[in-house]
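Residue 1 is where the sequence shown starts when you use UniProt numbering, and the numbers rise one by one after that. Below is one structure, written out as structure tokens; the observations come after it.
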Amino acid sequence: MANHGFNDSGRSLFDMPGDADEAEASPLPGKLPSYIADHRKRLRSRFMEGGAAALPDYEMLELVLFRAILRHDVKPLARRLLDTFGDFNRVISASPARLTMVMGVGDAVVQELKIVEAAAQRLRRAKVINRPVLSSWDALLDYCHTAMAHRDTEQFRILYLDRKNVLIADEEQAKGTVDHVPVYPREVVKRALELNASALIMVHNHPSGDPTPSEADISMTIQVQDAAQVLGITLHDHLIIGKSREVSFRSAGYL
């Protein structure tokens, strides 16, 4: 016999953890409850009239969740996500494994959040790829923060530049743990030669949020610089991305 969206304990499927949202990802017979339909209409109108600045984080999350959960009020889930991760950016960039630990989050919700994250990164990347990096520095920092600031493990990226300092490749060199990522200077320089790059910028994140360089960060940077110089390749900078700010090795005097 149909349970009309409730399990044997009387709890709504939406209140169940894991893949509960998948059941809501496909339309069911019947009209959307009027109070939900009216709320969604008002929220969409406010967004179209005032943009993202007109909405707090939980309402921006609601707009994203509307697409994944069609027949329930998503405000409680939006608030749970914010309570868990802190703000909109951290929700969007959280790993699927961590997201699905939040009650009410399943594959459909994770998919919508990851689509938004990918779109944000692609938009930021479009502003720096195939452009002179040194004259688009603010756009480069925006891209690095969007892609890396809220990751819960370290990631090491190399930005390869041509003779005019145009960004020709942005590649992930390595992934690590919460406080370490293995980097091999020989591989960094080898890849630069393969791409015929004349210069490079190293970028990695500190999941702790504090971008202060460690002794290992400084030592590795000097090793890469020395290896690159032998082959006539310039290391312009090494950026460490924190939660709200970054450290430039060049500006800080390490290079």
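C-beta atoms are modelled at their ideal positions from N, C-alpha and C, and glycine is treated no differently.
Between T234 and S198 a beta carbon distance of about 7 angstroms is seen, short of the 8 angstroms cut, so the two are scored as contacting. In this structure, DSSP gives I240 an extended state, which the three-state scheme calls strand. If you look at A199, you'll find it in the beta strand (DSSP E) that goes 199-205. Short of 7 angstroms from the beta carbon of R186, and not among the five residues preceding or following it, lie these beta carbons of its own chain, in chain order: A227.
Counting other Cβ atoms within 10 Å of its Cβ, S214 stays below 16 and is therefore classed as exposed.
Shown here, E154 sits in coil according to DSSP, grouped into three states, outside any helix or strand. In this chain, the beta strand (DSSP E) harbouring S248 covers 246-248. For A169, the three-state secondary structure derived from DSSP is strand. In the assembly as shown, N130 is an exposed residue. Its beta-carbon has fewer than 16 other beta-carbons within 10 Å. Assignment of beta-bridge partners to L159 by DSSP yields D170, I201.
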